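Data first, discussion second: the structure below is written as structure tokens.
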Amino acid sequence: HAYKRAVGVAVEAALLLVWINGAVGLIGDDGAINLLYLGVLGVGLMGALSTGFAPQAMARTTFAMAIAQLLVPVIVLLIPNLRGALLEPPGVVGVIGLNLFFAALFVGAALLFRQAAQAQLTTSPRID
Numbered sequence: 006h007a008y009k010r011a012v013g014v015a016v017e018a019a020l021l022l023v024w025i026n027g028a029v030g031l032i033g034d035d036g037a038i039n040l041l042y043l044g045v046l047g048v049g050l051m052g053a054l055s056t057g058f059a060p061q062a063m064a065r066t067t068f069a070m071a072i073a074q075l076l077v078p079v080i081v082l083l084i085p086n087l088r089g090a091l092l093e094p095p096g097v098v099g100v101i102g103l104n105l106f107f108a109a110l111f112v113g114a115a116l117l118f119r120q121a122a123q124a125q126l127t128t129s130p131r132i133d
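My numbering applies: residue 6 is where the sequence shown begins, and numbers increase by one.
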């Protein structure tokens, strides 16, 4: 059951990220800056497809998605001509809060995938 819950959390987080980004954007109104979030989804897609959706690998993948999520506002802060977008609503605090929210969802999925991987190890027959 942990694997199904993990998939649910990860997919819902990704869909919510796309939906919010498409509607209003997480960082200002400039759609180009918000395209950086496609990198988060790219990490998830590449990780899932390259590992065959194995629970332990998906735990690493969704944890990497959380890191990628947190890197987006850092990248925007580091690039001088993009920094101004953080002053638009929802502002710096709002952007950080939204990114922490999504990162927490991806970390939650990672923990559920890890739980599924551990359950798989304990229920699999041992070959000695």
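All residues carry an ideal CB built from backbone N, CA and C; glycine is no exception.
Predicted model only: the values in this text are computed from it and were never measured.
Among the candidates A115, Q125, N86 and T128, whose CA atom is the shortest distance from the CA of T67? A115
Report yes if the C-beta distance between A69 and G89 is below 8 Å; otherwise report no. no
Out of L43, P94, I84 and G57, which one is the CA nearest neighbour of A73? The shortest C-alpha separation from A73 is found at L43.
Within this structure, are the beta carbons of P85 and I101 separated by less than 8 Å? no
What is the DSSP secondary structure of L87, reduced to helix, strand or coil? coil
Taking the alpha-carbon of G49 as reference, which of Q123, A15 and L31 has the nearest alpha-carbon? A15
Would you kindly work out how many angstroms separate the C-alpha atoms of A109 and G13, rounded to a whole number? A straight line joining the alpha-carbon of A109 with that of G13 spans about 14 Å.
Delimiting residues of the alpha helix (DSSP H) encompassing Y8: Segment A7 to A28, the alpha helix (DSSP H) holding Y8.
Return the CA-CA distance between T127 and L92, expressed in angstroms with no decimal places. 50 Å
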